[in-house]
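Only one structure is covered here, and it is reproduced in the block below.
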Ligand code: 5CA
């Protein structure tokens, strides 16, 4: 992408209506614009990052055996009357009437809808277990939408739902998602600690929140530093390996980690003092096992092996896809701006010419830009006739992992500068070496 042809509006001043750093940076670097309280337009830069995050979530769900589908954002109230949540959900639910005066709502989550889909189409134990998911916009009329996309009213969520024949099966599905989440967040360059959680309006008694540590987080968290050294990805562990998954779960639940909602002073006191870590965190995912709560209420039953009727055990598993954009920035930035982990960066490389009127610089930049594009390296080329310093500040703000800085003085000796946004290290390299490094 050429910056001269892009839509990348950058703000010089720090917006006064934003309280936390990720919200400020998302506005300044032109990722989002607020359209109404808690409702945002995703500008091209933000949209690219959102899609990268979404794609990692998708790939890890697929790898874990979940099946993707898409349910609508608007749901009939009827479904929610069946589960009893229509009244229980309260004013957080956005209720709508259509032209025929039918009661509808903008979905805050989809347990009811998927249970109904299963009830209509799944009749036999042979069709279980299954985990289905979608990545779809949700609406919750939060009392206090704040911190930008962190607590929005409209937000993008990955929600998965598992259906099993019994509790043992459901636990396996739960452990599968636990591992999938650890792998998902690790790939995004962040550490999200699984913490025992209260299950709230979703229901059930087995529940974990995944918390990214950041001083601006909404919950207070307490955890054993063992989590910092844990093997998060368990590369060799297959999802079919029930013993391995059980061992992972035992390690997670045997290591203390809790939010203020579930914190237990007595157990905390048993963690040795040098391993106690306390801070604040952002919830980027939440998983629940709730047994037959919805299948019972909504009459989902399948025939078992012997012709008996079985009520499936269910779980649901959410990832805050749009919240993650903010959470990653909270975890990865400096005074100059965002520092994207490479896996979610909007572009991998930014090319800057220090003198927009120098023909040799333009020629070198154009050549490199064409080569990087041909090699499939996502590149943003600042080809505007602006001051070099302003261009560099813009690149730092947008946080692309690599900058190639081209100026007449370096070119005279055959080199350009390759700068790592994260370490700040600058190297003088030939254009060929830069290409080799960026395509390695
Ligand atoms: N049905 C379950 C699991 S699919 C569910 O809805 N869980 S949840 O309420 O915990 O939401 C899942 C994730 O969505 C949360 O962990 C959080 O990361 C994200 N989320 C929830 N509310 C908001 C919000 N108002 N703004 C942005 N993200 C949110």
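Residue numbers (the working numbering): 712 to 1151.
No residue lacks a Cβ here, since even glycine has one placed at the ideal position from N, Cα and C.
Give the DSSP bridge partners of residue i, in chain order.
i, result
"residue 1140", "1127"
"residue 994", "922"
"residue 843", "778, 872"
"residue 1052", "Paired residue(s): none; residue 1052 is not in a bridge."
"residue 888", "Its beta-bridge partners do not exist; DSSP assigns none."
"residue 905", "921"
"residue 1021", "1013"
"residue 1045", "1048"
"residue 1098", "1066"
"residue 713", "1092"
"residue 1154", "Outside the displayed span of the chain (712 to 1151) sits residue 1154, for which this structure offers no information."
"residue 1116", "1063, 1128"
My output table needs one value for residue i: the three-state DSSP class, helix, strand or coil.
i, result
"residue 815", "strand"
"residue 1028", "strand"
"residue 849", "strand"
"residue 834", "coil"
"residue 800", "coil"
"residue 805", "strand"
"residue 877", "coil"
"residue 858", "coil"
"residue 916", "coil"
"residue 1093", "strand"
"residue 1111", "coil"
"residue 930", "strand"
"residue 935", "strand"
"residue 723", "coil"
"residue 731", "coil"
"residue 718", "coil"
"residue 1037", "helix"
"residue 1106", "helix"
"residue 1121", "helix"
"residue 1146", "helix"
"residue 826", "helix"
"residue 1133", "coil"
"residue 898", "helix"
"residue 810", "coil"
So, is residue i buried or exposed, given that buried needs 16 or more other C-beta atoms within 10 angstroms?
i, result
"residue 843", "buried"
"residue 811", "exposed"
"residue 720", "exposed"
"residue 1084", "exposed"
"residue 1011", "buried"
"residue 781", "exposed"
"residue 1173", "A question about residue 1173 goes unanswered here, because the residues of the chain that appear run from 712 up to 1151."
"residue 933", "buried"
"residue 1148", "exposed"
"residue 764", "buried"
"residue 1137", "exposed"
"residue 1002", "buried"
"residue 1060", "buried"
"residue 1025", "buried"
"residue 1078", "exposed"
"residue 854", "exposed"
"residue 907", "buried"
"residue 771", "buried"
"residue 759", "buried"
"residue 718", "exposed"
"residue 834", "exposed"
"residue 863", "buried"
"residue 1064", "buried"
"residue 752", "exposed"
"residue 993", "buried"
"residue 735", "buried"
"residue 944", "exposed"
Kindly indicate if chain D contains any beta-carbon less than 7 Å away from that of residue i.
i, result
"residue 1095", "Looking for chain D here will not work: only one protein chain is present."
Cβ-heavy atom distance between residue i and the ligand ZN below 6 Å?
i, result
"residue 841", "Ligands in the displayed structure: the ligand 5CA; the ligand ZN is not one of them."
| query | Which runs of the beta strand (DSSP E) spanning at least 3 residues fall entirely within the stretch 736–788, listed in chain order? | reply | 743–747, 750–753, 785–787
| task | Taking only runs that begin and end inside the stretch 942–1019, name each unbroken beta strand (DSSP E) of 3 or more residues, in chain order. | result | 968–970, 987–1002
| task | Entirely within the stretch 1055–1091 and at least 3 residues each: give me those beta strand (DSSP E) ranges in chain order. | result | 1060–1064
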